[in-house]
Each structure stands twice: as structure tokens, then as C-alpha cells.
Amino acid sequence: YKDKKFREAIGKYHRALLELKALLLSQEASGQRAGAALSEEHRQAVEAIEVDCYNSLAACLLQAELVNYERVKEYCLKVLQKEGENFKALYRSGVAFYHLGDFNKALYYLKEARARQPTDTNVIRYIQLTEMKLSRCSQRE
Numbered sequence: 001y002k003d004k005k006f007r008e009a010i011g012k013y014h015r016a017l018l019e020l021k022a023l024l025l026s027q028e029a030s031g032q033r034a035g036a037a038l039s040e041e042h043r044q045a046v047e048a049i050e051v052d053c054y055n056s057l058a059a060c061l062l063q064a065e066l067v068n069y070e071r072v073k074e075y076c077l078k079v080l081q082k083e084g085e086n087f088k089a090l091y092r093s094g095v096a097f098y099h100l101g102d103f104n105k106a107l108y109y110l111k112e113a114r115a116r117q118p119t120d121t122n123v124i125r126y127i128q129l130t131e132m133k134l135s136r137c138s139q140r141e
């Protein structure tokens, strides 16, 4: 990601997620509940890696020439299921919903992001853009 090789990074993040799923599935196959054989510390580590992978995937997708905002939204929502306070996922969810035309949800996620980092200029800019879109939509009605 740091080298701006986004396509390559996307592949690596996907492989990492597959490895994490394989780890959990191998425990299920051996007759244990998923995560039961993992210590609490290991389970938290797996979850943290999973969150980082989904967050990084969303970041990579936002750098693509043709952005798949549906995918960005999907990955960010997975992060938020586990870490509801995650600033990056809140912001990127807002951006995705904005570009998908769901301005009410965009505004919700962007305001949640602003509550965590009130001076972030990107968040403020997207809130302004979203509010302009919402006011245009309400003027049409």
C-alpha cells in the first residue's frame, strides 16, 4: 500500500483474510467451536488483523481508477461491526454512501467520524458536500 501498488496490496489483503478464515475453519473441522481453541489473546489478535485488512482493502479500493463504492461500503461496515468507533471506517463509509447516492447515511457516518476527529478537513469537506446534496434534494421535492 505504501508503495502505491494498490492492486498488488488488494491481493495480499485478500490472501491474509483467507488465511484467517482457514485458521478458524480448521478448528471447526477438528470438532472444536470456532475460536474455542484460540486463547482470548489470540482471538483478539486475529480480529485486529481482520479489521486492519478490511480497513486497508477499503483504502486501496478508494485509490482505484474506477472505485467500487459498494465494496468500500461492505468492507467498512465489516470493520464497524467489530469496532464501531473506528474513525477511518466511519469516514470511508460516509464517502462510499455519498458516492452511492445515499446522502442520509453518508451524513450519519461522516458526523460520527467528525465526533471522533472534529478538525479533520476531509470529513468536514464531505459533510459540506453531503449537506449541499441533501438541500438540493429537498428543494426538488
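With the UniProt record's numbering, the residue at position 84 of the sequence shown is 84, and numbering never jumps. Backbone N, C-alpha and C define an ideal beta-carbon position, used for all residues, glycine too. Computed from a prediction, not measured in an experiment: that's the story for all the values here.
Take the alpha-carbon of residue 15 and the one of residue 8: they are about 11 Å apart. The residue among 83, 18, 138, 61 with its C-alpha nearest the C-alpha of residue 73 is 61.
Here residue 52 carries a helix assignment [DSSP, helix/strand/coil]. If the five residues before and after residue 76 are omitted, its C-beta is found closer than 6 Å to the C-beta atoms of 58, 89, 92, 93, all from its own chain and listed in chain order. Taking 8 Å as the cut-off, the beta carbon of residue 115 is found no closer than this to the beta carbon of residue 130. The alpha-carbon separation between residue 113 and residue 97 amounts to approximately 14 Å.
Only buried fits residue 53, as 16 or more other CB atoms lie within 10 angstroms of its CB. For residue 122, the enclosing alpha helix (DSSP H) covers residues 121-140. Look at residue 100 here: in three-state DSSP terms it is coil, with no helix or strand label. In this structure, residue 110 places its C-beta atom within 8 Å of the C-beta atom of residue 127. CA-to-CA, the gap between residue 12 and residue 6 works out to about 10 Å. DSSP, reduced to helix, strand and coil, places residue 64 outside both helices and strands of the structure shown, so it counts as coil.
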